[in-house]
Each structure stands twice: as C-alpha cells, then as structure tokens.
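S.K.: Under UniProt numbering, the residue at position 279 of the sequence shown is numbered 279, and the numbers go up by one with no gaps. What follows is a single structure, and I will ask about it in a moment.
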Amino acid sequence: MPLPFPAHNVSPVRIAAERLPTPRLPDEVFAPNTALRHARRLFEGHVVGSESVAVAPDGSLWMLDKWGYVWVATASGDDYSLDAQPLAYVGPGRPLGFHFTANGDLAICNSLSGLMLLERPAADSTKWRLRCLSNTAGGRPVSYANDLTIGSAGRIYFSDSSTIPPALNQAAPRPWYDTLRSFMLTLWHGGPTGRLLCYDPSTDATTVLADGLWYANGVALAADESFVAVVETCSMRVRRHWLEGPKAGSMDTLIDRLPGWPDNIVESSDGGFWLCLVLPDMPLVHKVLPQPWLRSLVAKLPEWLLPPKPQWGCVLRLSAQGEVVQALTDPDGRHVSHISSVTEHADKLFIGNLARDYVSVLDLRAVEEPH
C-alpha cells in the first residue's frame, strides 16, 4: 500500500531566535468585525482550490483549480456565468499565483513546473499554448514556484517558497499536489530556503534578488516600484526588498508580528496593499518550534492526529508603509475561510481560496470605511 506522501530526507534545523514568529492578538491589530460575511460565494462546488482570481480586460474572471485546469466566467452585470468546460490544462503540478501580462497572456506560478506562460492563440488558431519561462535560478532548480507580480517593464517578480516541494497526495480519491502539507513540512524543518526571484523577458534570464526566506510566499510591487514585498509565512511577516534608491539591493521588514499566517499580498488601488491571512495564529505551534526533536516528531504525525485547523477569514489593508489601515474578517469562517489571495477591481474584491470549492466576491461599497 503506497504512502500518501513521499518521505523527505531532511532533519529539523535550529531556528535563529530572530526568525521565530512573535504574533500579536487580533484585537491588538484591528477591531473585531464581520465584514467578510457580506461576500458572495461564486461557482460553489465547481471551482476547487483556486488560490487567486484574475480579472481579464473584458471583465471575465479567470480561475485555476488545484488540479491545474483553467476556468473562465463571463461577466454579465453583477453576475458571472461559468463556462461548462475548462479552457486549458496547465499541469501537472498545482498552479498558485497568476496574473495577466500587458499583452493578455497569463503568467502562472506552477508549484511543480516553475514560472509558466499561457499564451493567447495566434490569429489562425484557437489553441492556447503553455510554455515554461523559468525553472532554474542561481544554479538551483525552482523547487516550488508560488506567487508573482509583474512590473511596468514586464519583469516578473516571483517566489520560490522552499526546497521541500509539494507532493502528490496519493491518498485522496482525486490526487492533487498538496501545498499546505509542504508548508507544514517547511515550518517543522525550520530551514529558510525560500527565495525571491526576478525573470526578465528581455534577456530570458532569472536572477535571485533575495534568499534565506522561511517559506517565501506572496509577492507585490510598491506603487512606484521602488521595492518589492515578499511574504515570509513561517516568520509571520512581510519583507521588503528595495529595487531603487539609497537602500537598493537591501532588505528590511514591511510588517511583522501578524495575528495570523500570511499567504498572498497584492497591490491595492490606493497605493498600498491587501494582505491575506490564511489561518489564525495557533499557539501550540510556538511551543513546538524552538525544539528540533519535537518538530521532527510532529512532522511525522498523520493529519488525523493533528488538531484541526481553525476556520477563519481575514484580509488586511495596509498602507504603503505597512501600517494596518483596515481589516475585513469572518471570525469563525462561517461564510469565508482560508483566504489565500484577493484581486481588487471596480470596487470589488475577488477572493481566492486555497482549500474550498468556491471563490467569493465582496462589494467594497458595502463595507464600512475605517475611521
């Protein structure tokens, strides 16, 4: 009988004290609210595990499910009609972050394959073409491409989360590449092996901007493109790599001591950012992290022996300087939970979901503005 996951030949390492997360309580960061309960679920039961939602120039919604299929929904007023069949397949692997390029192609981080491009059909064709843009950087494979953002010059900034790639969950009735399991193994391992990368289409080269990140995750550009923000999930913080100015080439912290585990960060219309917290803080984790032997033990436990992951929905709006301006929450995850990414478009937030069988839309005009 095959094991549900392959074994990883890694041993837990000691974690430097400055990397250990020191979260705040939610009420130290924002006032409790139920703003996310105004969100409306879309395509429930039909689109499973689309980490993000991309809005095309024509207003259609594009989603990539956890098996690698591209789904498109046509806009009709405030409603959306999901196509009966997927448009394309971009597997094997699990697609995570994706954005449209300036010419309408879809840039995709595939956890198994690297940075991919789904190209629009040529004039004499109806077939979309998938090709790999980057799967190595700095003499090392891109083990776990996760999220991306695209600059005005066409450069693609993307994260390589960990040297522990997602594995196929063979115990599932319909197997998929389980990125959450890879995150937990990276957390228990303790090794900061994540990287921030930059692919330049003019040279077809990928450079390493930063390494030593403990699970590099979401990526977003400052409005003036002076820096690129990258989420360091296991340290519960967002790092800032400077691209321009006197600090160019250096890295500092945009925000830390978050009240939950951050996933993706995206640009907001006001020049700041939206930051998604996929899970609330789990105090038991902080008792385990300082002890390598205990992390080794927990990493070997089957899922059914571990405490259930809390249901929670949380999106923070940050200023350009990393201050919390607004919080949108569903405290018990009754309506929206496991939010992995958002896309702001036309006064709406389109909400991706790593673990559920739907995406959501929130009309921001229905949400009270912060005072």
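We put the beta carbon where it would ideally sit given N, CA and C, even for glycine.
Could you name the residues of the same chain whose beta carbon sits closer than 8 Å to that of D332, not counting the 5 residues immediately before and after it, in chain order?
M.R.: The residue you call residue 332 lines up with position 332 of the sequence shown. Here the set comprises Q311, W312.
S.K.: Buried or exposed for K66, please, with buried defined as at least 16 other CB atoms from any protein chain shown within 10 angstroms of its CB.
M.R.: Indexing the sequence shown from 1 puts residue 66 at position 66. That one is buried.
S.K.: Contact between the segment 36 to 45 and the segment 132 to 148: three or more CB pairs below 8 Å?
M.R.: no
S.K.: Taking its Cβ as the centre, do 16 or more other Cβ atoms sit within 10 Å of M1, making it buried, or is it exposed?
M.R.: Within the sequence shown, residue 1 is the residue found at index 1, counting from 1. Low confidence applies here, because M1 scores a pLDDT of 36, under 50, leaving its location unreliable; read the following figure in that light. Flag for M1 reads exposed.
S.K.: To the nearest angstrom, report how far apart R317 and V231 are at their CA atoms.
M.R.: Taking the first residue of the sequence shown as 1, we reach residue 317 at position 317. Taking the first residue of the sequence shown as 1, we reach residue 231 at position 231. Between R317 and V231, the C-alpha separation is close to 14 Å.
S.K.: Can you check whether the CB of G218 is closer than 9 Å to the CB of A229?
M.R.: Taking the sequence shown and counting its residues from 1, one reaches residue 229 at position 229. Taking the sequence shown and counting its residues from 1, one reaches residue 218 at position 218. Cβ distance < 9 Å, so A229 and G218 count as in contact.
S.K.: R24 and P307 look like a contact to me (Cβ under 8 Å); what is the Cβ gap, rounded to whole Å?
M.R.: Position 24 of the sequence shown, counted from the first residue, corresponds to residue 24. Position 307 of the sequence shown, counted from the first residue, corresponds to residue 307. So it is not a contact: roughly 21 Å between Cβ atoms.
S.K.: Mind checking whether W214 and S296 have CB atoms under 9 Å apart?
M.R.: Your numbering for residue 214 matches position 214 in the sequence shown. Your numbering for residue 296 matches position 296 in the sequence shown. Taking 9 Å as the Cβ cut-off, W214 and S296 do not qualify as a contacting pair.
S.K.: Have a look at D200, V90, N146 and flag the residue whose alpha-carbon is nearest the alpha-carbon of K127.
M.R.: Taking the sequence shown and counting its residues from 1, the one referred to as residue 127 is at position 127. Answer by Cα proximity: V90.
S.K.: What ranges does the beta strand (DSSP E) occupy inside the segment 95 to 152, keeping only unbroken runs of at least 3 residues that lie completely in it?
M.R.: Taken in chain order, the complete beta strand (DSSP E) segments of 3 residues or longer contained in the segment 95 to 152 are 95 to 100, 106 to 110, 114 to 119, 129 to 134, 145 to 150.
S.K.: Three-state secondary structure (DSSP) at L3?
M.R.: In the sequence shown, the residue the question calls residue 3 occupies position 3. With a pLDDT of 47 at L3, under the threshold of 50, the modelled position of that residue is not reliable, and no figure is offered here.
S.K.: Secondary structure at W304, three-state DSSP: helix, strand or coil?
M.R.: On the sequence shown, position 304 is the one that residue 304 refers to. Correct three-state label for W304: helix.
S.K.: Between L328 and the rest of its own chain, which residues show a CB-CB distance below 6 Å, the 5 nearest in sequence each way excluded?
M.R.: As a first step, residue 328 is located in the sequence shown; it is residue number 328 there, counting from the start. Excluding sequence neighbours, L328 sits near A35, L36, V315.
S.K.: Ends of the beta strand (DSSP E) at L294?
M.R.: As a working note, residue 294 is residue 294 in the sequence shown. That residue, L294, is in no beta strand (DSSP E); its alpha helix (DSSP H) goes 292 to 299.
S.K.: Using a Cβ-Cβ cut-off of 6 Å (strictly less than) and excluding sequence neighbours within five positions of V13, which residues of its own chain qualify?
M.R.: Residue numbering aside, residue 13 sits at position 13 when the sequence shown is read from its first letter. Closer than 6 Å at Cβ, skipping near neighbours: G190, G191.
S.K.: Give the secondary structure of K348 by DSSP, where H, G and I count as helix, E and B as strand, and everything else as coil.
M.R.: For the purposes of this step, residue 348 is taken as the residue at position 348 of the sequence shown. Here K348 sits in strand by DSSP.
S.K.: Do you know offhand how far A299's Cα is from G352's?
M.R.: Numbered from its first residue, the sequence shown carries residue 299 at position 299. Numbered from its first residue, the sequence shown carries residue 352 at position 352. Computed Cα separation, rounded: 27 Å.
S.K.: Within this structure, are the beta carbons of A39 and V278 separated by less than 9 Å?
M.R.: Residue mapping note: residue 39 aligns to position 39 of the sequence shown, counting from 1. Residue mapping note: residue 278 aligns to position 278 of the sequence shown, counting from 1. No, the pair does not count as a contact, with Cβ atoms beyond the cut-off.
S.K.: Between G68, Q326, A366, which lies nearest to R174 when the distance is taken from Cα to Cα?
M.R.: The residue given as residue 174 occupies position 174 in the sequence shown. With distances taken between Cα atoms, R174 lies closest to G68.
S.K.: On the DSSP letters alone, give me the boundaries of the alpha helix (DSSP H) that T179 sits inside.
M.R.: Here residue 179 refers to the residue found at position 179 of the sequence shown. 179 to 189 is the extent of the alpha helix (DSSP H) around T179.
S.K.: Excluding sequence positions up to five away, which residues of its chain have a Cβ less than 8 Å from the Cβ of E28?
M.R.: Indexing the sequence shown from 1 puts residue 28 at position 28. Cβ neighbours of E28 within its own chain (closer than 8 Å, five residues either side excluded): P259.
S.K.: By DSSP, does D27 sit in helix, in strand, or in coil?
M.R.: Position 27 of the sequence shown, counting from 1, holds the residue named residue 27. Of the three classes helix, strand and coil, the one that applies to D27 here is helix, per DSSP.
S.K.: Using only the alpha-carbon positions, how far apart do A210 and L196 sit?
M.R.: Along the sequence shown, one-based indexing puts residue 210 at 210. Along the sequence shown, one-based indexing puts residue 196 at 196. Distance between the alpha carbons of A210 and L196: 5 Å.
S.K.: On the three-state DSSP scale, how would you describe L364?
M.R.: Here residue 364 corresponds to residue number 364 of the sequence shown, with the count starting at 1. Here DSSP, grouped into helix, strand and coil, assigns L364 to helix.
S.K.: Could you check which residue in C132, G154, W62, L185 has the C-alpha nearest to that of L82?
M.R.: Here residue 82 is taken as the residue at index 82 of the sequence shown, counted from 1. Nearest of C132, G154, W62, L185 to L82, Cα basis: W62.
S.K.: Between the Cα of E225 and the Cα atoms of Q85, L64, G271, which residue gives the shortest distance?
M.R.: Locating residue 225 in the sequence shown gives position 225, counting from the first residue. The candidate whose alpha carbon is nearest that of E225 is G271.
S.K.: Who does T206 pair with in a DSSP beta bridge?
M.R.: Here residue 206 refers to the residue found at position 206 of the sequence shown. Per DSSP, Y199.
S.K.: Out of T186, N146, S76, D347, point me to the one whose CA is closest to E369's CA.
M.R.: Counting from one through the sequence shown, the residue named residue 369 turns up at place 369. Among T186, N146, S76, D347, the Cα nearest to that of E369 is on D347.
S.K.: Alpha carbon to alpha carbon, how far is L294 from A17?
M.R.: Position 294 of the sequence shown holds residue 294. Position 17 of the sequence shown holds residue 17. About 17 Å.
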